[in-house]
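Quick mapping for you: the protein sequence lines, in order, are chains A, B and C. Quick note on numbering: our numbering labels position 251 of the first sequence as 251, and the sequence is numbered without any gaps. To convert, take the position in the second sequence, counting from 1, and add 466; that gives our numbering. To convert, take the position in the third sequence, counting from 1, and add 558; that gives our numbering. We treat Cβ as the ideally placed atom computed from N, Cα and C, and that holds for glycine.
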Amino acid sequence: MVSPDAALAALFVLPLTGALAAFAAPRAAAALAIGVSWANAALVGGLYGMVGARIALGGHAAPLGVALRLDGLAWPFLALAGALFAFAASATAGRALLAKPGAAALWLTLLAGLNALFVSADAFNLYITLEVVSLAAVALTALGGPAAGAPALRYLFVSLGGSIFYLAGVAFFYRATGALDIGLIGAAGLSGPALAAPLALTTLGLLLKAGAAPFHFWLPPAHAAAAPAASALLSGVVVKAALYVLIRLWTDAAPPEALDAAAPVFRVLGLAALGVGALGAFRATRLKALIAFSTVAQIGYAPLALGFAAGSPLAVQALVAFMAAHGLAKGAIFLAADGLRRANGHDALDSLADPGSRLGPTKGAIGLGVVALMGLPPSGGFLAKWTLAEAATAQGHWWMAPLLAGAAVLTGVYMLRLVSALVRAPACADGDAPRGWSALALAVAAVALGFSGPMLSALMLAEAAP
Amino acid sequence: MTSEALYAAVALALFGLGWAGLLLKAAPLRKLIALNVMSLGALMLLVAFAWRPDAPPDPVPHALAITGIVVAVAATALGLVLIRRVRADRDR
Amino acid sequence: MAAAFLGGFIALACLALFAAVLVAPAAPGLEAAVAAALPETGVTNPVTGVLLDFRGYDTLLEVAVIALAVIGAAALAPRETPPAPLAGPVATAAAAVLAPAIVLFSGYLLWTGGARPGGAFQAGALLAGGLVLLEITGSRPWWRRGLSGRLGAAAGTAAFLIAGLGVMAATGRFLDYPGPDWGYAVILAIEAVAAVSVAVALSALFAAEPGDGRPGEGAP
């Protein structure tokens, strides 16, 4: 039996060692990235049995040391990253990206940063992991080619700016509590300006980094310009990293009264993102721009659900389901879009055509991915919406249920622009386009997530245990 | 005014200057320098909060500031390379 | 107009933060906890104790961030002609005099970090300055090119990982150093490797060449 100390340390030791090896030995880099991505997925799968573990790194307990904890909130995010990295690395788009010099080492560093972030229990340690994630993600974005440089640079500015706001907030938290451990900050029971200053700074920084409306301006260009496999990671899990820290702070570091007071703001932010993202998706002319704007819209579900999460574990559960469903579906759609683009030889939305029957898995991935994004039963998106409607209705907000149904229709309408390509006359030769099995696997996972309701509830209960 | 308040005032002034520069300056190099000013402000805030009346300062924020400086150096280096990259791609 | 509005907003926000500093009371920090636990680390400088022992994991990730920047810079740097070296007599003479002194003093900074201000990053930054000085006065920068450069930039993180896993064999916990005597030895060893690695990495970041190390078009 492996000790929790070894298992949790392996979460960053494994990918970080892989990254260093890939950097030192460039010839073996791509194979290393694929192998380590799959080994990491297996490791995360094995960690399911250890949910609830908490370790003090170096044997120093908080407040002096840094703690890692694997709870019911952390595991789904680790699993999302694990699945996305494994399938995206194996996809043709992933292998094309990993063949570029430096890409494999950046890929594994990004994975190490995300893993470390999801298990970190320390506000300052989270700052460093956020920086690892940002810098690796920016560099991967810039590898998308000459057109990706300028969007990557803007992404870097926004992301670094967000980190600095977050760091200033952490300084205020430390001043007010003498602690950096998120649980200890929460236990201090802050209120008034001592709570408002750090919470405002960290929230602003994290919303910037997540690309939540109205700070979404940088996201569609960056996610559209990156290489397809990088886009799958960026939309699928990187933006979720900032949202994850946001959830942590508001549910663990801030008292429920603070979240209750801020709830209307979060609801408005969420609804604004849904609207702005949909509008952008309607107006997009390129395939990848459409998908990137859909990310802007789907990110909105995070603040929206946070707006109902004060004292409601059910809303947090809905939030986790939203993030996981969107991550898997978006990863699938970005990878499938690459197949569609290769088969067509271009990615202008209005003239895309059916890629032919050999690309059946690609078409299936798009279909199932759209089902999950819309939140149709039995997909993970449906589970998320159902749970959120339940949580909101229990708090007297009956309007959420029709609103979520309306949002599904809206998503369907703009995603129809993509789906309609699949029913046009098969006018193109499919050439060397990949068949799309990796994309299909992710899309199936996004739909199958709809059956994970009891598992998610059990995970949330595990979190409540000491 | 305590030393903490004085240092915090300077830190927040730097933070605000960098913030304004980041939003108002268009040239990438200026934005990167503004980000550095802003991050110095945040790090100086840590140093200010380490102050203790009539006692040596708290070492923890000092250690955090050193870590933050190193992270900022790495981020700045990557930013500079990216700026050169964008310029080279544009001039090609 | 928009600029004035934004500037005013930022000024107000910073004033509000300053007001929060004045109004909200400060909690006691961790100075007492650090002082109580410092004897078991083997170092007497509390900042070094926090950096290398209590929050050693932060420092591991921070060294990894430097390696990440080197990886990213090598992947993204454009192929450009490097600037001509400063080959004048003053520059060369200054480099010849300063370089040995820099090596000596960075070694001192590394050693003294256990008890007084100093440590791996300060030593590494100074050493990097020396390497940059040698390079801009015309020395061939073998330390940051090819395999030696890649291994050098990765060595700091690797040393941390190896030490972290090594002590795990003894204590069962990642990065848990065994006792003050051994702990001090491990800390000093990590710091020495990290300082050299940081120096190589910073000098690679200063030059920021493409990863294959081939000079730009038209280079001499």
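Item, Value
"With DSSP run on the structure shown, which of helix, strand or coil describes Asp252 (chain A)?", "helix"
"With a floor of 4 residues, list each alpha helix (DSSP H) that falls wholly inside the stretch 377-446 of chain A, ordered by position along the chain.", "380-394 and 400-422"
"Within 7 Å: the Cβ of Arg435 (chain A) and any heavy atom of the ligand GDP?", "This structure lacks the ligand GDP; in fact it carries no ligand of any kind."
"Take the Cβ of Glu693 (chain C) as the centre, count every other Cβ of all protein chains shown within 10 Å, and call the residue buried at 16 or more, exposed below.", "buried"
"Is it the case that the Cβ atoms of Leu106 (chain A) and Gly630 (chain C) are separated by a distance below 8 Å?", "yes"
"For chain C, check one thing: does any of its Cβ atoms lie closer than 8 Å to the Cβ of Arg550 (chain B)?", "yes"
"With DSSP as the reference, label Ala673 (chain C) as helix, strand or coil.", "coil"
"Should Tyr174 (chain A) be flagged as near chain B, meaning a C-beta pair shorter than 8 Å?", "yes"
"Fully enclosed by the stretch 703-734 of chain C, which alpha helix (DSSP H) runs are 4 residues long or longer?", "704-729"
"Determine the direct distance from the alpha carbon of Val413 (chain A) to that of Leu506 (chain B), and round the result to whole angstroms.", "47 Å"
"Which first and last residues belong to the alpha helix (DSSP H) in which Leu290 (chain A) is found?", "Leu287 to Ile299"
"What residues in its chain sit with their C-beta under 6 Å from that of Ala372 (chain A), if we drop five residues either side in the sequence?", "Ala325, Ala329, Ser379, Gly380, Gly381, Ala446 and Val447"
"Is the Cβ of Asp611 (chain C) closer than 8 Å to any Cβ of chain A?", "yes"
"Hey, is the stretch 123-136 of chain A in contact with the stretch 616-628 of chain C, meaning 3+ C-beta pairs nearer than 8 Å?", "yes"
"Give me whichever residues DSSP pairs with Asp122 (chain A) in a beta bridge.", "A:Asp181"
"Spell out whether any CB of chain B is found under 8 Å from the CB atom of Glu131 (chain A).", "yes"
"If you measure between the beta carbons of Leu180 (chain A) and Gly331 (chain A), is that distance less than 8 Å?", "no"
"Using 8 Å as the limit for Cβ to Cβ distance, is Asp5 (chain A) near chain D?", "Absent here is chain D; the protein component of the structure consists of chains A, B and C."
"So, does the stretch 490-504 of chain B touch the stretch 155-165 of chain A, judging by three or more C-beta pairs under 8 Å?", "yes"
"Would you mind working out which of A:Ala176, A:Leu195 and A:Thr202 sits nearest Ser163 (chain A), comparing C-alpha positions?", "A:Thr202"
"Would you mind telling me which residues of chain B sit closer than 8 Å to Ala712 (chain C), beta carbon to beta carbon, in chain order?", "Near Ala712 (chain C) there are no residues of chain B at all, since even the closest Cβ is about 14 Å away, more than 8 Å."
"Using the C-alpha atoms, what's the distance from Ala74 (chain A) back to Ala210 (chain A)?", "17 Å"
"Is there a Cβ from chain C that is less than 8 Å from the Cβ of Pro525 (chain B)?", "yes"
"If you drop the 5 nearest sequence neighbours on each side, which residues of the same chain put their C-beta closer than 7 Å to that of Gly453 (chain A)?", "Leu383"
"Grouping DSSP H, G and I as helix and E and B as strand, with all else coil, what is Leu352 (chain A)?", "coil"
"Indicate whether the contact test is met: 3 or more Cβ pairs, each with one atom in the stretch 302-317 of chain A and one in the stretch 433-447 of chain A, closer than 8 Å.", "no"
"To the nearest angstrom, report how far apart Tyr742 (chain C) and Gly396 (chain A) are at their CA atoms.", "60 Å"
"Just the Cα atoms here: how many angstroms apart are Leu490 (chain B) and Leu376 (chain A)?", "44 Å"
"Which term fits Glu257 (chain A), buried or exposed, when burial requires 16 or more other beta carbons within 10 angstroms of its beta carbon?", "exposed"
"What residues in its chain sit with their C-beta under 8 Å from that of Pro264 (chain A), if we drop five residues either side in the sequence?", "Gly307"
"Check Leu143 (chain A) in the structure and name its three-state DSSP category.", "coil"
"I want to see whether chain B comes within less than 8 Å of Glu620 (chain C), judged by CB atoms only; does it?", "yes"
"Leu68 (chain A) bridges to which residues according to DSSP?", "A:Ile55 and A:Ser120"
"Closer than 6 Å by C-beta to Phe87 (chain A): which residues in its own chain qualify, once you throw out the five before and the five after it? Chain order, please.", "Ser438, Ala441 and Leu442"
"Measuring CB to CB, does Val513 (chain B) end up less than 8 Å from Ala531 (chain B)?", "yes"
"When Cβ atoms are compared, which residues of the stretch 722-736 of chain C fall closer than 8 Å to chain A?", "Gly722, Leu723, Met726, Thr729, Gly730, Arg731, Phe732, Leu733, Asp734 and Tyr735"
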